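Below is one structure; the comments refer to it alone.
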Amino acid sequence: MDESVILGIKDLYKSFGGVAATNGLTLDVLEREVHAVIGPNGAGKTTLVSQLTGVVLPDAGQVVFRGRDITRMPAYRRPHLGMARSFQITSIIHDMTVLENVVLAVQAKAGHSYRFWESAIIDDQLTEPAMRALTQVGLETEAMQVAGPLSHGEHRQLELAMVLATDPELVLLDEPTAGMGREDSTRMVSMLESLKGSRTIILVEHDMDAVFALADRITVMVEGRAIATGTPDVIRADRLVREAYLGEDINTAIKSARET
Amino acid sequence: MDWTLLTVQLLNGLQFGILLFLLASGLTLIFGIMDFVNLAHGSLYMVGAFFCATLTQWLDSFWLGLLLALPATAVVGVLVELIVVRHLYERDHLDHVLATFGLILVFDTLTQMIWGPDGQVIPLPAWLDGQVSLGDAIEVPTYRVAIILTGLAVAFGLFILVTRTRLGMQIRAGASNRKMVSALGVNIGLLFSIVFVIGAVLAGLAGMMIGPITEASIGMGNQIIIVAFVVIVIGGIGSIKGAFIAAILVGLIDIMGRSYLDVLFKMFMSAQNAETSAPAVSAMLIYILMAVILAVRPSGLFGPRGR
Amino acid sequence: MKSLTLRGWVTLVVLVALALLPVFVSMTGREFFLVLATRLVILAIAAVSLNLILGYGRMISFGHAAYLGIGAYAVGIPVYYEIYNGFIHIGIAVVVSAAFAFLTGLVCLRTRGVNFIMITMAFSMMVFFAFVSIEEYGGDDGLVIEVRSEFGQWVNLENDTVLYYVCFVSLLGILYLIRRIVHSRFGMVIQGARGNEARMQSLGFDTFRYRLVCYVIAGALCGYAGALLGNFTSFISPEMMDWTRSGELIFMVVLGGTSSLFGPVLGAGLFILLEEILSGFWLYWQLIFGIFLILVVLFAKGGIDSWLGRRPER
Amino acid sequence: MMSRLLKYFVLSLGLVATSAFADNVRIGFVTTLTTPAGAIGRDMVDAANIALDHIGHKMGGKAVEFIVEDDGFKPEIGKQKTDKLVKQDDVHFVTGFIWSHVLLASRKSALDGGKFLISANAGPSPLAGKLCHKNFFSSSWQNDQNPMATGEVLNKKGVKKLYIMSPNYAAGKNMVAGVERTFKGEIVGKDMTKWGKDMQLDFSAELAKAKASGADAIFVFYPGPAGPAFIKQYDQAGLRGKIPLYTVFTVDALSLARLQKAKLGGVLGSWNTMFWAPDLDNATNKRFVADFKAKTGRYPTHYAAQSYDAIMLIKSGVDAVNGDTSNQDGIRAGMLKADFPSVRGKYRYGSNHFPIQNFYLRTVKKDANGDWFVSHVSTVLSDHQDTYHGQCKL
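Residue numbers (the numbering used here), protein chains in the order written: chain A, 145 to 404; chain B, 1115 to 1421; chain C, 285 to 598; chain D, 57 to 450.
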């Protein structure tokens, strides 16, 4: 296996009630690349993310992260290897402040949390990295606000800050621009662009603008399988990909995705 | 082994199980559909028994008493739903537990204020008060057989209601996906009220069934309701089938424990200690069963995934 | 010193009143107030410990009274064998409670929602029946604790005022302890898991284990309260572990306000005062009590703590 | 009610001088008024009030203050209420106590508080033996005594095999010990059932065992709410006429009223034993029963009779010191004489302050109005003293 492969997925199978959601998927993600996964609805992208993060365990196949088999590793242990994820539907802790949310993310990285005495929120070892991550996503002024009432766009930013705060090798971004307006969306894309090259990013995304702007390589999934993997230009030209999008020209698909 | 005794005890267990099912079926429906924890379900059991006792004593007829006590209990169920329960569906379980805990206090005290502290007897017609012979040696109280038959009939009726009627379809849909039911244009408020009242009537019926055996007494529902909760948790919340199987299981375990555990205990402890420990340990058995089942299947035997 | 909010004032006034109560009692000779206040303070400790899991962790335990019972029996049983050393009593109470919490927590914390409520209750009922079944320690009749725990010559619990101050100082200590825990890294994880458990796991927290530790701490603290209760009542029966007692503890917490440090103390206080006053003047006081409970749930979300101007939840 | 509430508030806050400092005789009465067992407490309080009426609410020339507390059928609450009576109301006598376990739990509070403790019902064995106390008195009996009388009756009736059922608490255990002590045949089975607020009331499993055991008599102790339920199920199981039933503290005026309502005539003609009966022939008893019936419309139970005697016993003590409640030795000496008109006739006190008295065989009959009651038949035990008095070091 290539030295630069950070995440290897081999012959992954998962079915729910007889229907295969992942059907023999094989995919390699290279070190420091932005690897986008696209595909029509029901292609099995969400199930893939769930299996990579350990929320759902595969029926068969193998997931290898930096040479280590993590196929059946519990979800909570994967972040310690340097994996982090964001959620398709915003997943933050609503009744805590923005800073506390990010502090938790830092804390997760900083060894065990069986420390019962010192206050966490005034601990510089936690708050400094947290504030750095918040500054990175442009949310530093909201640090003391309770997270729940913030806007959707701010929630997505916070989500990203929590991912960054764990300083991961591999970031799994599940539709980071979902539900965003054009302006927020553009800001998110430029924010992700600034991360490019510093970490490996797996980007599951519907917004083709974002995908083609960010991705080094793209994998197209259909019916639980990868039908094509390659640079954006290769994918644009791929025949199978065009068929997958029901004969539509991929560029039309991009356009229609943009309008919805 | 005394087979006659064993048979009689199995019947006793079945009878207790049936009674538990009457209570648990309503509880599990209310739970499954409204996600509502109703500790006061046992109070409706008590109310049913008291209504039946008073009406039977006034009208000098158990049947009339039973017939009139059912709608009377339903009215109480409607009132409870309207005044308290309805406002709590959107709240969390903690609020349910507390409010219905308060309802228990209210019901127990009101009952004592109205009926006094004495238990109320429910006289049975003579033909129900005797015994029936099953085979040569086995003789069981007629009334207990009547409870079994009534309970089975109600269970069958409930099964038909849930699987074969429009209301039942809505109930099933509600149990699996509440949002979907409201999306289908069903009047959720009305559906909830109906389910709550069905549960109330079933609980009341259970109280009326046990009344002629134990009398209607204050707080009679407070212990059995906990057992009924154990039943629905074992069976899996929202599952009528699970409630039925678990109720029979728990009924049998309870009676068998009370019948045979002391004999077992006497093999390795003094008779005096065995007599004391056996009833307590047999009461413990059903909780142990529950813990074991939840340890293996955290959502019960027939429970929905991921609850 | 910065200016105090209404909440702060109430907290201060209640604590000062509790601290000075024995002086008032010795001036007026109304010993019964000391009895009442001791009970209040002990149950406040139990409520505060319950709040650690219920309020901060959203683990609705319906079996917390079991720890009160375990703690009290940890005094009663050694005394029955004429072991009077209080350090041994407290040690047994805390260790056995923690062990019980650990073992039952392994099962309970796998479940969610109503199943959690019911299985915590089931375990408390098991302890209830276990003590009912032990003839040696009085079974259903309970056990009279003839002598209170001994702590050397300096602290004589047989003196009611000393017992009261031991309880009061314990309450202060445990409040401080929980304050530290809640703001610590550990407390952050527990509160994070309350808000969004899936997220906490994806961040890399083994929430099950953190919750288990929290559950054990709460159990141990309540066991400590139980040991005080056993000393106070000089009597222990399985009845103390009945599910209705656990319900009362929950009520105290909710009445005072969940996820606030001092709320459960106020809740326990109001609960005991109401119980005492109402039961003194009307046989059917539980009617009023029940209605009050329902009204609190329906209309007073957030409990006393929110009446004093705190937002319910943060 | 508002003014009462207000008064209570003011009193509890200690802002005004309370009755605790007034010069009167204060009696605290702990009994069960709520839960299904509340009917017993009501009977006891009614009887105590009749006794107070009979003595004009005066003892030793002083007014009597009578404070009733509900123990809720729980030992812990009973103890709390006793604490309140001792420490807040500063009573001179704590009495009442239906339940042995409530009494055992409350004993220390009352006696350590320097008060007289007088049981008007419960008679657990420790209090007659090792835990006897100079300030403890019983106006009833020691638990074992009455079943011992039943045991004698069983022997006379030629019973060889006995099945025993009883609630699993202090008194239940004493009752079983009592009947086992005098009964000479074989015990073929025994069930101790759950007691308390959540008592077991369905005896299907136990009755089936009794039936299969080959016993030729069943002995039960099911006081209060459990009595009628047990007798009904005994009838429903078809045991009447097959295995005769012998009871203690199970068939009384309370259960008979309910059984009569349910038309369960099987209980008529059944036997039980007791130290007293409503038709026991003495002047005090006649007056008590007549007044009780006139006031409440019910027959008094033995609980009522004992409560009446408890008040009279206290009066005899207070009278002996002319109302000087600080003279505890004098009061004690006065009460020890048992020199007062008791509804059971004359009795004496043993060294452990439990009565030495007769036990009678009784049967259930209809009176002139058709009401069912338990009627005195014959004497089973004369001047009977409990078995534990030897362990008492008084």
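Even glycine gets a Cβ: it sits at the ideal position worked out from N, Cα and C.
Predicted, not measured: the structure shown is a model, and the values here were computed from it.
| Item | Value |
| --- | --- |
| Cβ pair residue 195 (chain D), residue 176 (chain D) closer than 8 Å | yes |
| Residue burial classification, residue 371 (chain C) (beta-carbon count within 10 angstroms, cutoff 16) | exposed |
| Environment of residue 404 (chain D) [buried if 16+ CB atoms lie within 10 Å] | exposed |
| Residue 169 (chain D) beta carbon less than 8 Å from that of residue 123 (chain D) | no |
| Residue 1365 (chain B) vs residue 1356 (chain B) beta-carbon contact at 8 Å | no |
| Where residue 396 (chain C) sits in the DSSP three-state scheme | coil |
| Given residue 130 (chain D) as reference, the closest of C:425, C:396 and C:436 once Cα atoms are compared | C:425 |
| Residue 418 (chain D) versus residue 399 (chain D): straight-line alpha-carbon distance, rounded | 16 Å |
| Closer than 8 Å to chain A by CB, residue 546 (chain C) | no |
| Cβ of residue 1360 (chain B) within 8 Å of any chain C Cβ | no |
| Residues bridged to residue 82 (chain D) [DSSP beta-bridge criterion] | D:121 |
| Cα-Cα separation, residue 1271 (chain B) to residue 1211 (chain B) | 30 Å |
| Opening and closing residue of the beta strand (DSSP E) in which residue 364 (chain A) lies | 361-366 |
| Host beta strand (DSSP E) of residue 265 (chain D) (start-end) | Taken as a continuous stretch (DSSP letters only), residue 265 (chain D) belongs to no beta strand (DSSP E), being part of the alpha helix (DSSP H) at 260-268. |
| Chain C contact for residue 289 (chain A) (CB, 8 Å cutoff) | no |
| Between the CA atoms of residue 254 (chain D) and residue 307 (chain D) - distance to the nearest angstrom | 21 Å |
| Residue from A:285, A:370 and A:335 whose Cα sits closest to the Cα of residue 307 (chain A) | A:335 |
| Interface flag, residue 1239 (chain B) vs chain D, CB-CB below 8 Å | no |
| Min CB distance residue 1187 (chain B) to chain C below 8 Å | no |
| Rounded C-alpha distance that separates residue 1152 (chain B) from residue 260 (chain A) | 37 Å |
| Among D:356, D:342, D:302 and D:198, nearest to residue 440 (chain D) - alpha-carbon criterion | D:198 |
| Any 3 or more C-beta pairs closer than 8 Å across the region 429-438 of chain D and the region 331-344 of chain D | yes |
| Same chain, Cβ closer than 6 Å to residue 1253 (chain B), five either side skipped, listed in chain order | 1245 and 1247 |
| Residue nearest to residue 239 (chain D) in terms of C-alpha spacing, selected from D:213, D:249, D:258 and D:222 | D:213 |
| Cutoff 8 Å: residue 130 (chain D) Cβ touching any chain C Cβ | yes |
| Cβ-Cβ separation, residue 127 (chain D) to residue 134 (chain D) (assumed contact under 8 Å), whole Å | 4 Å |
| 7 Å CB neighbourhood of residue 344 (chain C) in its chain, flanking five on each side removed | 338, 400 and 401 |
| Assigned exposure category for residue 536 (chain C) - 16 Cβ within 10 Å defines buried | buried |
| Candidates A:387, A:385 and A:174, of which the one nearest residue 315 (chain A) by Cα | A:174 |
| The region 470-490 of chain C in contact with the region 216-228 of chain A per 3-pair CB rule at 8 Å | yes |
| Neighbouring residues, chain C, relative to residue 1246 (chain B) (Cβ below 8 Å) | By Cβ distance, chain C contributes nothing, its closest Cβ being about 34 Å from residue 1246 (chain B), past 8 Å. |
| Neighbour-count burial assignment, residue 499 (chain C), 16 or more Cβ in a 10 Å radius | buried |
| Helix, strand or coil at residue 427 (chain C) [DSSP, three-state] | strand |
| Meets three-Cβ-pair contact criterion under 8 Å: the region 304-319 of chain D and the region 200-217 of chain D | yes |
| C-beta atoms of residue 236 (chain A) and residue 302 (chain A) nearer than 8 Å | yes |
| Where the region 107-139 of chain D meets chain C: residues whose CB sits under 7 Å from a CB there | 126, 130, 131, 132, 135 and 139 |
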